[in-house]
Amino acid sequence: MNTVTLNNGVVMPRIGYGVYQVSPAECERCVSDALSVGYRMIDTAQAYHNEEGVGAAVKKSGIARDELFLVSKVWISNYGFDKAKASIDESLRKLGTDYIDLMLLHQPFCDRYGAYRALEAAYKEGKVRAIGVSNFYPDHFIDLASNVEIVPAVNQVETHVFDQQIEAQGYMKEFGTHMMAWAPLAEGRNNFFTNPVLEAIGKKYGKSVAQVALRWLIQRDVIIIPKSVHVERMQQNLDIFDFELSQDDMVAIAGLDTRQSLFFDHHAPEVVKMFMGWK
Ligand SMILES: NC(=O)c1ccc[n+]([C@@H]2O[C@H](COP(=O)([O-])OP(=O)(O)OC[C@H]3O[C@@H](n4cnc5c(N)ncnc54)[C@H](OP(=O)(O)O)[C@@H]3O)[C@@H](O)[C@H]2O)c1
Numbered sequence: 000m001n002t003v004t005l006n007n008g009v010v011m012p013r014i015g016y017g018v019y020q021v022s023p024a025e026c027e028r029c030v031s032d033a034l035s036v037g038y039r040m041i042d043t044a045q046a047y048h049n050e051e052g053v054g055a056a057v058k059k060s061g062i063a064r065d066e067l068f069l070v071s072k073v074w075i076s077n078y079g080f081d082k083a084k085a086s087i088d089e090s091l092r093k094l095g096t097d098y099i100d101l102m103l104l105h106q107p108f109c110d111r112y113g114a115y116r117a118l119e120a121a122y123k124e125g126k127v128r129a130i131g132v133s134n135f136y137p138d139h140f141i142d143l144a145s146n147v148e149i150v151p152a153v154n155q156v157e158t159h160v161f162d163q164q165i166e167a168q169g170y171m172k173e174f175g176t177h178m179m180a181w182a183p184l185a186e187g188r189n190n191f192f193t194n195p196v197l198e199a200i201g202k203k204y205g206k207s208v209a210q211v212a213l214r215w216l217i218q219r220d221v222i223i224i225p226k227s228v229h230v231e232r233m234q235q236n237l238d239i240f241d242f243e244l245s246q247d248d249m250v251a252i253a254g255l256d257t258r259q260s261l262f263f264d265h266h267a268p269e270v271v272k273m274f275m276g277w278k
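According to numbering that gives the first Met the number 0, the residues represented by the sequence shown are 0 to 278, in order.
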């Protein structure tokens, strides 16, 4: 499995399986399928309400715990030091494990510093092997990374061909933080799966649009977590290590960047208000 070494020396797979919008009922089956086709990193979150399904599939798989890499995220309703600390213990219980490999703050709102200190405390206690953030775009990211004891190992942000986060990745590299892409397939938005540029490149290599877009992220040194509830697609999304995009392909894909989110602008007042309604 292709791996990356984080800023604290922890080794993490470059590709994992994400379980956002996988219902609690279906999660165990999906994660079992993902493990059976070769995924070893699973990305969940307290807010997905499916950590227990991940834990059940891991237990059933019989795969040694140290061969797996579990990622979860603290939701904003659990921010502040004490609540975040208690929520990490709850995630450990739901996942059925003594440690989480990578624990992130899910959003850059509310008492994020208190919550981050809880991640640092859990790290020191050995409950998590690495810590980081998610949805921290350059302003929030630089602020936090400059003012904490343990610099985030990972920042998971929306990243796909239509919103490429080139500058954001540059700022992360300055701090030794790895970029991890959520919605690496743009969740299919903006006619992603029939994009003519990606289709034409795929034809040259006998690969699908999804495979081209995922390979492009890998070649940009981005960690990816595509989601599918279909085992054939899970397999297809893993099968991206036997071809290499050319420099011309990379330039053509760079031309698809709109530098705009397909989901939310974390700086827009109405979006911040929406998140306040979810705390
Ligand atoms: N930190 C955050 O705030 C945040 C936000 C969103 C997501 N995430 C994480 O990132 C992961 C991935 O993002 P995402 O789930 O939003 O979107 P995504 O992985 O970009 O796209 C998933 C969509 O693509 C379809 N799909 C997957 N592989 C395909 C293939 N080979 N061919 C055709 N269709 C395919 C899936 O359909 P089927 O399932 O029907 O196959 C699903 O509709 C999440 O699961 C979650 O772990 C994090």
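Glycine included, every Cβ here is placed at the ideal spot set by N, Cα and C.
As the structure is a computational prediction, the values presented were derived from the model and not from experiment.
Legend entry - Cβ pair Q163, S207 closer than 8 Å: no
Inset, instruction - Could you tell me how far apart the beta carbons of F68 and G15 are, in whole angstroms, since I believe they sit closer than 8 Å? - result: Contact flag correct, Cβ pair sits at about 7 Å.
Legend entry - Reduced DSSP secondary structure (H/G/I, E/B, other) of D42: D42: strand per DSSP, three-state reduction.
Inset, instruction - Compute the Euclidean distance between the alpha carbons of S133 and S71, then round it to the nearest angstrom. - result: A direct Cα-to-Cα measurement between S133 and S71 gives close to 11 Å.
Legend entry - heavy atom of ligand 1 below 7 Å from V228 C-beta: Shortest gap from the CB of V228 to any heavy atom of ligand 1: under 7 Å.
Legend entry - alpha helix (DSSP H) segment containing Q168, residue limits: 165 to 173
Legend entry - Nearest neighbour of Y136, chosen from D81, N6, K84, V153 [CA to CA]: Nearest C-alpha to Y136: V153.
Legend entry - Pair within 8 Å by beta-carbon distance, G131 and L94: no
Inset, instruction - Using the Cα positions of A114 and F161, report the straight-line distance between them to the nearest angstrom. - result: 31 Å
Inset, instruction - Run through the segment 217 to 275 for me and flag every whole alpha helix (DSSP H) of 4 or more residues, listed as ranges in chain order. - result: 230 to 237, 246 to 253, 268 to 275
Inset, instruction - List the endpoints of the continuous beta strand (DSSP E) containing E157. - result: 153 to 157
Inset, instruction - Would you kindly check if the distance between the Cβ of D100 and the Cβ of A129 is under 8 Å? - result: yes
Legend entry - Start-to-end residues for the alpha helix (DSSP H) that takes in A121: 111 to 123
Legend entry - Alpha-carbon to alpha-carbon, I62 and G169: Taking the CA atoms as reference points, G169 sits about 36 Å from I62.
Legend entry - Proximity of I87 and K278 at Cβ, strictly below 8 Å: no
Legend entry - Local conformation of F68 per DSSP, three classes: strand
Legend entry - Euclidean distance between Cα positions of S260 and K272: Spanning the two alpha carbons is a distance of roughly 17 Å.
Legend entry - Local Cβ density within 10 Å of E148, reported as buried at 16 or more and exposed below that: exposed
Inset, instruction - Within 10 angstroms of the Cβ of H229, are there 16 or more other Cβ atoms? Answer buried if so, exposed if not. - result: exposed
Inset, instruction - Using a threshold of 8 Å, state whether the C-beta atoms of I224 and R13 are closer than that. - result: no
Inset, instruction - Can you check DSSP and say which residues form a bridge with H294? - result: Examination of residue 294 is not possible in this model, given that the chain is present from 0 through 278 alone.
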